[in-house]
Amino acid sequence: MKAGVVVFPGSNCDSDVYSVLKELGADVKYIWHGEDKIDVDLLVLPGGFSYGDYLRCGAIARFSKILEGIYDYVENGGYVIGICNGFQILTELKLLPGALLKNMDLKFICSDCILEVSNDNTFFSRLYKKGERVNFPIAHGEGNYYADDETLKELERNNQIVFRYVNNPNGSRNDIAGIINKKGNVLGMMPHPERRASSLLGGTDGIRLFKGMIESFK
Amino acid sequence: MLKAYIDVTLKKSILDPQGTAVKEGLSKLGFEVETVRIGKHIEVTLNDMNRENAEKLIDEMCLKLLINPEIEVYSYRIEEE
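Chain order of the listed sequences is A and B. Numbering (the numbering used here) for the first sequence: 751 to 968. Numbering (the numbering used here) for the second sequence: 1465 to 1545.
Given below as structure tokens:
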């Protein structure tokens, strides 16, 4: 599997994702935001504070050169995973519905976080079991998922919610931590699976997410 | 030149925890108020054009970038600079 980790000015989880993918045997490279060709099977929008999160998180990254071709790429079945700031960018791009608001208690939260896998039948979550609990850390100030009632109903109906918080830390509606698009090739999530991919760093719950994607291409 | 003064706020249906915190602060100082909502203020200076075009342009800017219509609403006034 060819993977590309987009590097925006202000990205800070790019090398974490890169290392995990590389270690698992993916053909991975960094893609600078000023490049114009997405020539990979999996595009990663990493965490961080792209363009300083000016105006709104993800609002400016949406106009970067590399993302001009993302609608065609997704339309043609290319896979995208947006983690944390990447999730915020995906909602600003309207590739995923809803928006991420300031955390309910206004604090930046950096801590372990227990999630429940709500949908194990996706390209991304196939090595997990529905109902299984995993620990992926969170580190965000704006992770409070909001969508209107109708959108939430649709997300539930289509089984588009992939991860839910067990103890909702930020006020997200329906405990949403990660959602997928209808087509099933774009995942956005606030928690960081790449930060739980080594026992030296506290655990390996996150590894299966990346392994699952890589194995799909074998 | 024309200058647009744009105000962006969260939709009424969305809780504004910042506003709630500030309301509590006001209350501690003895100011009892009904609600506080916090938003953003953006000023845009435009090249020479008539007011009608300016309004069209500001609406477009707001909907395309300055606000996220999923969660925010905007209002503005335009003045001669």
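Glycine residues also receive a C-beta, built at the ideal position from the N, C-alpha and C atoms.
- For G848 (chain A), the chain B residues whose C-beta falls within less than 8 Å of its own C-beta are E1534, listed in chain order.
- Annotation: Cβ neighbours of R806 (chain A) in chain B (cutoff 8 Å, chain order): N1532.
- In the three-state scheme derived from DSSP, where H, G and I count as helix and E and B as strand, Y768 (chain A) is classed as helix.
- Counting the other Cβ atoms within 10 Å of the Cβ of K1492 (chain B) gives fewer than 16, which makes it exposed.
- Neighbours of A1485 (chain B) in chain A, taken as residues at a C-beta separation under 8 Å, are given in chain order as L856.
- In the structure shown, E1496 (chain B) falls within a coil segment according to DSSP collapsed to helix, strand and coil.
- In the DSSP annotation of this structure, the continuous segment of the beta strand (DSSP E) that includes I781 (chain A) starts and ends at D777 to W782.
- Boundaries cannot be given for V916 (chain A), as no beta strand (DSSP E) includes it and DSSP labels it neither H nor E.
- For M963 (chain A), the enclosing alpha helix (DSSP H) has its first and last residue at I957 to S966.
- A residue is called buried once 16 or more other Cβ atoms fall within 10 Å of its Cβ, and R958 (chain A) is buried on that count.
- The stretch 1470 to 1482 of chain B and the stretch 1537 to 1544 of chain B touch, with three or more beta-carbon pairs separated by less than 8 Å.
- Residue contact with chain A for I1470 (chain B): absent (no Cβ-Cβ distance below 8 Å to any residue of chain A).
- A distance below 8 Å separates the beta carbons of M940 (chain A) and F837 (chain A).
- Straight-line spacing of the CA atoms in I926 (chain A) and L851 (chain A) works out to 13 Å.
- Residue contact check for L1527 (chain B) against chain A: no CB pair falls below 8 Å.
- Under the Cβ criterion of 8 Å, I1502 (chain B) is not counted among the residues facing chain A.
- For M854 (chain A), the closest of B:D1480, B:K1475 and B:M1465 by C-alpha to C-alpha distance is B:D1480.
- The Cβ of I1478 (chain B) sits closer than 8 Å to at least one Cβ of chain A.
- From the listed residues A:N935, A:G819, A:G832 and A:H942, the smallest Cα separation to Y915 (chain A) is found for A:H942.
- Looking at the backbone, the Cα of Y780 (chain A) and that of Y895 (chain A) are separated by about 28 Å.
- When 7 Å is used as the limit between beta carbons, Y896 (chain A) is near these residues of chain B: I1478 and I1535, in chain order.
- In this structure, F874 (chain A) sits near G962 (chain A), with a CB-CB distance shorter than 8 Å.
- Counting C-beta pairs with one atom in each stretch, the stretch 1506 to 1520 of chain B and the stretch 824 to 839 of chain A have fewer than three that are closer than 8 Å, which means they do not touch.
- Using beta-carbon distances, L865 (chain A) does not count as an interface residue toward chain B, since no partner is under 8 Å.
- Using a Cβ distance threshold of 8 Å, G956 (chain A) and E944 (chain A) count as a contacting pair.
- Listed in chain order, the alpha helix (DSSP H) runs fully inside the stretch 825 to 857 of chain A are 835 to 842, counting runs of at least 4 residues.
- DSSP lists B:D1471 as the bridge partner or partners of H1505 (chain B).
- With a cut-off of 8 Å on Cβ pairs, the stretch 906 to 924 of chain A is not in contact with the stretch 794 to 804 of chain A, counting fewer than three such pairs.
- DSSP places G1483 (chain B) in the helix class (H, G or I) of the three-state scheme.
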